[in-house]
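For the sequence shown, this note's numbering puts the final residue at 570, and the numbers step up evenly by one.
By construction, the Cβ of each residue, glycine as well, lies at the ideal position given by its N, Cα and C atoms.
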Amino acid sequence: MHQPSTEPRRSIYYDYQVHAPWCPSAHGAQTQKPVVVVGAGPVGLVTALEVARHGVPVVVLAPELQVSEGSRAIVFTRRSMEILQQVGVAERVTQNGLPWRHGNSYFRDQRVFRMEAPHDDNDRFWPMINLQQQYVEEFLLDACAAQPLIELRWGNRVTDLVQHPDHAVLTVDTPEGPYALPSTWVVAADGARSTLRSLLDLRLEGASYEGRFVIADIRIDLPLPTERLAYFDPPWNPQNTVLMHREPRGIWRIDYQLPEGETPEQALSPESLKARINAQLAMIGFAGVPWEMDWSSVYSARTLTLPDYRCGRTLFVGDAAHLLPIFGVRGANTGFQDAQALGWRLGLVGRGLAPESLLASYTEERVAAAREIIDEAGKSTRFMTPPSRGFRLLRDAVLSLSLTEAFVRPLYHWRTSRPHEYTHSSLSAQDDDNALFAAGPARGAPPANVRLGPDDFLLDHLGGGYALLVFGALDPQVRAEVQAWRARGLLVQVLQLGGAGDGHEAHLPDPEGRARSRWGVPQDGAAYLLRPDQHVAARWVRLDAHRLRAALNQATTGVAA
Ligand SMILES: Cc1cc2nc3c(=O)[nH]c(=O)nc-3n(C[C@H](O)[C@H](O)[C@H](O)COP(=O)(O)OP(=O)(O)OC[C@H]3O[C@@H](n4cnc5c(N)ncnc54)[C@H](O)[C@@H]3O)c2cc1C
Numbered sequence: 010m011h012q013p014s015t016e017p018r019r020s021i022y023y024d025y026q027v028h029a030p031w032c033p034s035a036h037g038a039q040t041q042k043p044v045v046v047v048g049a050g051p052v053g054l055v056t057a058l059e060v061a062r063h064g065v066p067v068v069v070l071a072p073e074l075q076v077s078e079g080s081r082a083i084v085f086t087r088r089s090m091e092i093l094q095q096v097g098v099a100e101r102v103t104q105n106g107l108p109w110r111h112g113n114s115y116f117r118d119q120r121v122f123r124m125e126a127p128h129d130d131n132d133r134f135w136p137m138i139n140l141q142q143q144y145v146e147e148f149l150l151d152a153c154a155a156q157p158l159i160e161l162r163w164g165n166r167v168t169d170l171v172q173h174p175d176h177a178v179l180t181v182d183t184p185e186g187p188y189a190l191p192s193t194w195v196v197a198a199d200g201a202r203s204t205l206r207s208l209l210d211l212r213l214e215g216a217s218y219e220g221r222f223v224i225a226d227i228r229i230d231l232p233l234p235t236e237r238l239a240y241f242d243p244p245w246n247p248q249n250t251v252l253m254h255r256e257p258r259g260i261w262r263i264d265y266q267l268p269e270g271e272t273p274e275q276a277l278s279p280e281s282l283k284a285r286i287n288a289q290l291a292m293i294g295f296a297g298v299p300w301e302m303d304w305s306s307v308y309s310a311r312t313l314t315l316p317d318y319r320c321g322r323t324l325f326v327g328d329a330a331h332l333l334p335i336f337g338v339r340g341a342n343t344g345f346q347d348a349q350a351l352g353w354r355l356g357l358v359g360r361g362l363a364p365e366s367l368l369a370s371y372t373e374e375r376v377a378a379a380r381e382i383i384d385e386a387g388k389s390t391r392f393m394t395p396p397s398r399g400f401r402l403l404r405d406a407v408l409s410l411s412l413t414e415a416f417v418r419p420l421y422h423w424r425t426s427r428p429h430e431y432t433h434s435s436l437s438a439q440d441d442d443n444a445l446f447a448a449g450p451a452r453g454a455p456p457a458n459v460r461l462g463p464d465d466f467l468l469d470h471l472g473g474g475y476a477l478l479v480f481g482a483l484d485p486q487v488r489a490e491v492q493a494w495r496a497r498g499l500l501v502q503v504l505q506l507g508g509a510g511d512g513h514e515a516h517l518p519d520p521e522g523r524a525r526s527r528w529g530v531p532q533d534g535a536a537y538l539l540r541p542d543q544h545v546a547a548r549w550v551r552l553d554a555h556r557l558r559a560a561l562n563q564a565t566t567g568v569a570a
């Protein structure tokens with residue numbers, strides 16, 4: 010019988026709330042659910058919110074009675090914020106988080122590189138914002154509680170899964186004992202040690218790295234701005250790397266690499282933590298400043314993914330699908346993109362508005378994204394924790410050279426998480442005018458935001474369905490085609506940008522031509538079709554009803570008409 014802890018977790022800045030378990034005896038026999046999300050981490054919760062936003066009821070299973078332990082993911086990217094905006098929590102993250110855009114890299118005691126992430130006046134969100142994962146989970150849980158289509162079951166742990174051709178049956182253990190839960194679709198959002206991955210005997214592919222890091226969160230008052238600090242080969246930890254990030258509520262994250270051969274137990278002993286944190290503080294000029302420990306953990310980098318995110322009726326997202334190094338803030342940020350990518354597809358399939366073939370494109374796109382990230386993350390991981398003598402020699406040569414040669418310094422700037430462009434997606438139009446645009450988001454790319462007013466941005470107006478962005482007058486036949494899709498139940502939003510608007514569809518003035526310029530619009534009559542996850546499905550210099558129909562057929566099925 011599953012007995013989750015009822016003791017609130019310990020933290021010096023976060024007040025853990027313990028929820029009551031959901032017990033089957035109070036609810037009678039279980040009918041088949043359309044979607045069950047296994048796991049209430051950030052990725053499971055965003056998936057549930059996305060599926061529900063598309064009109065499909067969801068049950069979410071959480072084995073514990075409270076949110077996760079420790080700060081864990083603390084840096085969220087602009088694209089994550091755009092995704093969180095769609096599920097209604099970006100404002101709270103903005104209110105509580107610390108935005109930033111600069112990173113500093115030091116070799117020994119000298120700063121050798123200052124990174125500046127691009128930030129355009131047209132973007133609503135900063136390139137990065139720091140907030141502890143507990144808060145993000147709490148805000149997502151509040152959003153789930155406000156969504157009538159989501160039922161969250163605390164204290165429910167999955168122990169078995171049987172798959173049938175058209176549904177699956179989960180065995181769910183609770184403080185009262187197990188019950189059976191049938192579901193048409195199961196979302197495996199059960200994290201790095203995924204029970205569902207083991208039950209289905211699926212293997213992750215890729216590499217695990219030797220270097221281990223301690224992650225320590227301390228409360229300390231440091232008069233430093235919110236910027237990423239990376240120290241290579243610092244005098245107190247030679248050959249190794251140290252990272253520092255400011256977190257809200259007076260907390261700082263210090264990550265430091267351990268010398269080879271040291272065990273996690275040795276590394277997490279209070280004496281070891283104290284000595285090393287004091288050494289780092291002394292090195293940056295804050296010896297003797299009092300601090301208090303909140304949470305510590307040991308971490309090693311892995312670049313692993315499942316080769317397919319669908320197995321029968323089960324679809325994998327987040328850490329259950331892939332394990333990515335935290336350098337470059339890839340864990341939760343990549344998971345949010347999975348959640349968004351899967352949520353709308355399950356919504357459309359669940360409501361009978363799209364065939365199951367649409368789900369094939371989920372795994373196709375997101376496995377490709379994970380492989381691209383693994384490639385990039387592998388490079389930064391090898392730079393941070395060289396896996397062999399050869400890599401170390403090369404890394405050290407770059408480090409030494411950077412003291413005198415400016416051209417090598419940008420090598421310090423490892424790529425951070427960024428949205429994947431679905432350039433070869435089977436959902437993209439085959440014969441649009443993509444190649445005729447000189448600028449703007451290409452076919453498969455995520456959208457570009459545009460400031461329309463002091464607190465008004467283009468992406469604020471996207472409502473979760475397909476969106477047709479029309480620059481100029483709306484052709485009556487195109488409008489009739491949109492109406493035909495709407496009559497079938499598909500949400501197709503039309504946004505007319507600039508011009509006068511036709512009085513029927515939403516119209517957004519673009520007096521300064523910002524939207525035209527950012528979207529690379531070559532002439533009046535150009536249009537973009539966005540998928541529900543806002544990625545570009547097609548773009549045309551001139552749109553007609555026939556081309557729109559073909560593009561929507563493709564973007565709702567993954568199959569050319
Ligand atoms: C120590 C540590 C530090 C980290 N630091 C960073 C960082 O600095 N930056 C970064 O980007 N990422 C970091 N990460 C990674 C980040 O936390 C994850 O990428 C992120 O939480 C993934 O979200 P998820 O929802 O996929 O998985 P998780 O957050 O792990 O959530 C999984 C959920 O599934 C539940 N579950 C597990 N088994 C079952 C079961 N049998 N039945 C039902 N539910 C189940 C769990 O209780 C949990 O609710 C860190 C992770 C750890 C462990």
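Residue span of the alpha helix (DSSP H) that contains residue i, given as start and end
i	result
LEU326	A small correction: the amino acid at residue 326 is Val; Leu does not occupy that position in the sequence shown. Taken as a continuous stretch (DSSP letters only), VAL326 belongs to no alpha helix (DSSP H), as it is neither H nor E.
ASP347	340-359
LEU410	398-411
VAL479	VAL479 -> not in any alpha helix (DSSP H); beta strand (DSSP E) instead, spanning 475-480.
GLN275	273-276
ALA493	485-496
GLN532	It is not in any alpha helix (DSSP H) - GLN532 carries neither H nor E in the DSSP assignment.
ARG556	554-566
ARG523	523-527
Residues sharing a beta bridge with residue i, DSSP
i	result
ASP169	THR180
CYS320	THR323
GLU301	ARG228
SER14	None; SER14 has no bridge partner.
LEU445	None; LEU445 has no bridge partner.
ARG460	PHE466
ALA438	BP columns for ALA438 are empty, so no partner.
GLY215	LEU313
LEU506	PHE480 and LEU517
VAL46	VAL69 and VAL196
VAL501	TYR475
Delimiting residues of the beta strand (DSSP E) encompassing residue i
i	result
TYR537	535-539
HIS254	250-256
GLN289	Not the beta strand (DSSP E): GLN289 falls in the alpha helix (DSSP H), residues 279-292.
HIS516	515-517
ARG237	237-241
ARG548	545-549
DSSP-derived helix/strand/coil call for residue i
i	result
PRO191	strand
GLU41	For clarity, residue 41 is Gln in the given sequence; the question names Glu instead. Coil at GLN41, not helix or strand.
TYR371	helix
ASP210	coil
ALA198	coil
SER203	coil
ILE263	strand
LEU54	helix
PHE222	strand
ALA310	strand
ARG162	strand
LEU332	strand
VAL27	coil
ARG19	coil
ASP384	helix
PHE392	helix
PRO234	coil
Assumed close pair residue i, residue j - CB separation to whole angstroms, cut-off 8 Å
i	j	result
TYR475	PRO541	6 Å
ARG88	PRO455	6 Å
ASN139	GLU256	5 Å
ASP118	PRO244	7 Å
THR86	MET10	With a Cβ gap of about 41 Å, THR86 and MET10 do not count as contacting.
LEU408	PHE241	6 Å
ALA310	TYR218	4 Å
Contact with chain B by residue i, beta-carbon distance below 8 Å
i	result
GLU125	Absent from the structure: chain B. Only one protein chain is present.
**In chain order, each alpha helix (DSSP H) run of at least 4 residues that lies wholly inside the stretch 117-159** = 142-154
**Message:** Quick check on the DSSP output: what are the complete beta strand (DSSP E) runs of length 3 or more inside the stretch 59-121, in order along the chain?
**Reply:** 67-71, 84-86, 107-109 and 111-116
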